[in-house]
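In the working numbering, the protein residues as written are 1 to 349.
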């Protein structure tokens with residue numbers, strides 16, 4: 001039985017032992033499984049997803065294809081693992097897409113099909129320009145040993161630009177009515193002029209939607225951790241104009257809506273005539289803005305000597321913010337709700 005180990009939990013490169021060089025396994029845009037010199041770019045990166053049947057599915061990040069072994073017939077043996085590797089779409093019913101890693105010592109591994117632990121990924125004839133396929137165990141030759149090199153690099157956001165020419169405002173959102181404060185002067189003989197504290201609740205929302213077009217930048221941001229994000233957000237005013245303002249950073253990969261509610265008290269002067277009972281409450285008006293953004297970032301691989309890669313991602317920022325608030329005053333002296341009278345309103349800062 002093989003000495004099975006886990007594949008890396010991070011994205012990784014599959015590096016050949018041949019000549020102790022830096023040739024790594026990859027899939028070309030045409031779907032061929034080949035070796036290429038290590039460039040530490042997204043087109044050479046793999047991920048492993050453990051499978052409940054055993055082993056793991058090896059997915060090529062750039063193409064989205066998964067690695068599968070071929071099936072051949074040798075003499076009286078039919079449909080046994082062998083022949084060139086294939087790059088295929090995921091099929092969870094296909095056991096040829098399941099692989100195991102076997103510890104061979106010295107940080108080198110064998111990668112065998114789950115169908116037969118002795119059938120391992122092999123560089124045929126040790127030719128790095130030739131065929132990579134499945135072959136029977138050959139005792140630990142360089143062309144059947146691999147190093148799984150974890151990529152722990154990260155993306156740093158350099159800047160974010162908004163396309164204000166395409167910003168869209170929605171000022172038709174329903175207002176928020178805050179708690180009511182009543183001032184009862186029905187038994188008073190003179191007007192009640194004093195100061196009262198009113199409760200105001202303001203809720204802001206922010207969300208990021210990444211364009212899911214199959215771009216290189218999108219693949220990077222979906223694969224690696226990101227340092228920083230959108231630190232300036234767009235807000236809309238009551239006149240439908242837009243401005244950028246500082247905010248806590250929003251992750252470029254966080255698709256959830258970030259909601260923040262702040263409740264405070266504000267002071268206002270009241271003037272309730274004798275014999276009257278007034279109700280005061282704050283009404284908060286909101287606007288919604290949607291605006292496309294372009295984020296400029298840099299990916300720095302963790303492999304030694306790797307050049308930084310500039311990454312561009314695009315998406316839409318959507319925000320809901322306060323556009324205005326005011327105090328609404330109503331005469332509620334009458335015990336009948338339909339007899340309440342609107343008295344006035346006053347603006348708040």
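Every residue gets a Cβ at the ideal spot worked out from N, C-alpha and C, and that includes glycine.
**Message:** For residue 182 and residue 326, I'd like the C-alpha separation in whole angstroms.
**Reply:** Here the alpha carbon of residue 182 sits roughly 16 Å from the alpha carbon of residue 326.
**Prompt:** Does the beta-carbon of residue 173 have 16 or more other beta-carbons within 10 angstroms, so that it is buried, or is it exposed?
**Reply:** Exposed, because fewer than 16 other Cβ atoms sit within 10 Å of the Cβ of residue 173.
**Message:** What does the alpha-carbon distance come out to for the pair residue 341 and residue 289?
**Reply:** Within the model, the alpha-carbon separation for residue 341 versus residue 289 is close to 35 Å.
**Prompt:** Which runs of the beta strand (DSSP E) spanning at least 3 residues fall entirely within the region 111-185, listed in chain order?
**Reply:** Runs found: 119-123, 132-136, 146-150, 154-162, 168-170 and 176-185.
**Message:** Would you call the region 55-65 in contact with the region 91-102, where contact means no fewer than 3 C-beta pairs closer than 8 Å?
**Reply:** Taking 8 Å as the limit for Cβ pairs, the verdict is that the region 91-102 does touch the region 55-65.
**Prompt:** Candidates 213, 250, 245 and 236: which alpha carbon is nearest residue 229's?
**Reply:** It is 250 whose Cα lies nearest to the Cα of residue 229.
**Message:** Taking 7 Å as the limit between beta carbons, can you name the residues of its chain near residue 153, skipping five residues before and five after?
**Reply:** Counting only Cβ-Cβ distances below 7 Å, and skipping sequence neighbours, we find 224, 299, 300, 301 and 302.
**Asked** Going by beta carbon distance, what residues of the same chain come within less than 8 Å of residue 293, once the five residues before and after it are set aside?
**Response** Cβ neighbours of residue 293 beyond the five flanking positions: 160, 161, 162, 163, 230, 314, 315, 316 and 317.
**Prompt:** In terms of residue numbering, what span does the beta strand (DSSP E) encompassing residue 17 cover?
**Reply:** Careful: residue 17 lies outside any beta strand (DSSP E) and carries neither H nor E.
**Prompt:** When the Cα atoms are used, what is the spatial distance from residue 105 to residue 320?
**Reply:** Taking the straight line joining both Cα atoms gives about 57 Å.
**Item:** Beta-carbon separation (whole angstroms), residue 220 vs residue 311, contact threshold 8 Å
**Value:** Right, the Cβ-Cβ distance comes to about 5 Å (below 8 Å), so this counts as a contact.
**Asked** Quick one, are the C-beta atoms of residue 88 and residue 65 less than 8 Å apart?
**Response** In contact: residue 88 and residue 65 (Cβ atoms closer than 8 Å).
**6 Å Cβ shell around residue 116 - same chain, five flanking residues per side excluded** = 81.
**Prompt:** Helix, strand or coil: how does DSSP classify residue 56 here?
**Reply:** The DSSP-derived three-state label of residue 56 is strand.
**Request:** Using the Cα positions of residue 189 and residue 234, report the straight-line distance between them to the nearest angstrom.
**Result:** Each residue's CA atom was taken as its position, placing residue 189 and residue 234 some 51 Å apart.
**Asked** Pairing CB atoms from the region 34-51 with CB atoms from the region 196-211, are three or more of them under 8 Å?
**Response** With a cut-off of 8 Å, the region 196-211 and the region 34-51 do not count as touching, because too few Cβ pairs lie within range.
**Asked** Count the other CB atoms within 10 Å of the CB of residue 47; is the residue buried (16 or more) or exposed (fewer)?
**Response** By the neighbour-count definition (other C-beta atoms within 10 Å, threshold 16), residue 47 is a buried residue.
**Item:** Inter-residue CB distance, residue 145 and residue 4 (contact presumed, cutoff 8 Å)
**Value:** Contact check for residue 145 and residue 4: beta-carbon distance about 15 Å, past the 8 Å limit, so the pair fails to qualify.
**Message:** Taking its Cβ as the centre, do 16 or more other Cβ atoms sit within 10 Å of residue 345, making it buried, or is it exposed?
**Reply:** With fewer than 16 other Cβ atoms within 10 Å, it is exposed.
**Item:** Own chain, CB closer than 6 Å to residue 308, minus 5 neighbours either side, in chain order
**Value:** Taken in chain order, the residues that qualify are 298 and 300.
**Item:** Cβ-Cβ separation, residue 280 to residue 332 (assumed contact under 8 Å), whole Å
**Value:** 10 Å between Cβ atoms; not a contact.
**Message:** Which of the three DSSP states is assigned to residue 219 in this structure?
**Reply:** In this structure, residue 219 counts as helix in the three-state DSSP scheme.
**Request:** Report yes if the CB atom of residue 192 is closer than 8 Å to the CB atom of residue 282, and no otherwise.
**Result:** No. Outside cutoff.
**Contact under 8 Å by Cβ, residue 171 with residue 8** = In this structure, residue 8 does not lie closer than 8 Å to residue 171 by Cβ.
**Item:** Three or more C-beta pairs below 8 Å linking the region 236-253 and the region 207-219
**Value:** Under the 8 Å Cβ criterion, the region 236-253 counts as touching the region 207-219, having at least three qualifying pairs.
**Candidates 111, 135, 226 and 129: closest to residue 157 by CA position** = Relative to the Cα of residue 157, the nearest Cα in the group 111, 135, 226 and 129 belongs to 226.
**Message:** Tell me which residues share the same chain as residue 12 and place their Cβ nearer than 8 Å to its Cβ, disregarding the 5 neighbours each side in the sequence.
**Reply:** For residue 12, where only same-chain residues beyond five positions count, the Cβ hits under 8 Å are 45, 46, 47, 48, 148, 149, 150 and 151.
**Request:** Using three-state DSSP, classify residue 96 as helix, strand or coil.
**Result:** It is helical.
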